[in-house]
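Those protein sequence lines, which keep their order, are chains F and G. Heads up: the first sequence is residues 206 to 322, going by my numbering. Heads up: the second sequence is residues 88 to 207, going by my numbering. We treat Cβ as the ideally placed atom computed from N, Cα and C, and that holds for glycine. For reference, the structure is listed below as structure tokens.
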Amino acid sequence: AQSVTQLDSHVSVSEGTPVLLRCNYSSSYSPSLFWYVQHPNKGLQLLLKYTSAATLVKGINGFEAEFKKSETSFHLTKPSAHMSDAAEYFCVVTLFTTTSGTYKYIFGTGTRLKVLA
Amino acid sequence: GAVVSQHPSRVICKSGTSVKIECRSLDFQATTMFWYRQFPKQSLMLMATSNEGSKATYEQGVEKDKFLINHASLTLSTLTVTSAHPEDSSFYICSARDGGWVRGRNSPLHFGNGTRLTVT
Numbered sequence: 206a207q208s209v210t211q212l213d214s215h216v217s218v219s220e221g222t223p224v225l226l227r228c229n230y231s232s233s234y235s236p237s238l239f240w241y242v243q244h245p246n247k248g249l250q251l252l253l254k255y256t257s258a259a260t261l262v263k264g265i266n267g268f269e270a271e272f273k274k275s276e277t278s279f280h281l282t283k284p285s286a287h288m289s290d291a292a293e294y295f296c297v298v299t300l301f302t303t304t305s306g307t308y309k310y311i312f313g314t315g316t317r318l319k320v321l322a
Numbered sequence: 088g089a090v091v092s093q094h095p096s097r098v099i100c101k102s103g104t105s106v107k108i109e110c111r112s113l114d115f116q117a118t119t120m121f122w123y124r125q126f127p128k129q130s131l132m133l134m135a136t137s138n139e140g141s142k143a144t145y146e147q148g149v150e151k152d153k154f155l156i157n158h159a160s161l162t163l164s165t166l167t168v169t170s171a172h173p174e175d176s177s178f179y180i181c182s183a184r185d186g187g188w189v190r191g192r193n194s195p196l197h198f199g200n201g202t203r204l205t206v207t
């Protein structure tokens, strides 16, 4: 079965320092993986996606993620944190379900990023 | 592109009444829409998958008679919380996937801004 594990529920960084948000996945086939960001009381915004093309994926707002099959990881990084990056981040993998005949999106438990001035 | 509009953003209702939440894909056709529920400081819990023109598929533990989903067109899905009770108070988020069957698992989800439901 497909699943994702976000290893850290909270991450705090100082403004201007690098960000690393960790995600490990398990999948019985080549996965599609996504990172989303959610600001308080808002919906989710797509940061980037991996769909078996390039293993290093660049997203919006300076974020990028690297797909490492050997480590079953898809960690999200940013070279320099900004105050506006403070939010909740979700790693997502897709799962095909025969009952609905479509793909479900399995969410990790989320990582709350705090950026200190 | 790929904008999903969700209304209302906030609603307060009395216990026993019903509330309808609308989810529209504004610039693309969404054959599949998903409804999620999110409790404070928690991840999103999938409630149901809605395919245009067919019955929704509900996740285990979600009452289909309480949470009625209608996906009558390629751009509109609605969630109606019937006979709402205080325990139904939550943040409800809809999402849609552009592209049909062919794109499958590679299509990202596009999310509405959510609806904060408070039942008094």
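Within the DSSP secondary-structure output, PHE272 of chain F pairs in a beta bridge with F:PHE279. GLU146 of chain G carries a coil assignment under DSSP once its states are collapsed to helix, strand and coil. For PHE239 of chain F, the residues of chain G that pass the 7 Å Cβ criterion are PRO195, in the order they occur in the chain. Excluding residues up to 5 positions away in sequence, THR119 lie with their Cβ nearer than 6 Å to the Cβ of ASN138 of chain G in the same chain. Listed along chain G, the residues sitting closer than 7 Å to THR314 of chain F by beta-carbon distance are SER130. C-alpha of VAL242 of chain F to C-alpha of PHE268 of chain F: approximately 11 Å in a straight line. In this model, SER182 of chain G and SER160 of chain G are separated by some 15 Å (Cα to Cα). At a C-beta separation below 8 Å, ASN157 of chain G has no neighbours in chain F, since its nearest C-beta there lies roughly 16 Å away. Distance from the CA of VAL320 of chain F to the CA of LYS283 of chain F, rounded to the nearest whole angstrom, comes to 12 Å. For ILE180 of chain G, a Cβ of chain F is located within less than 8 Å of the residue's own Cβ.
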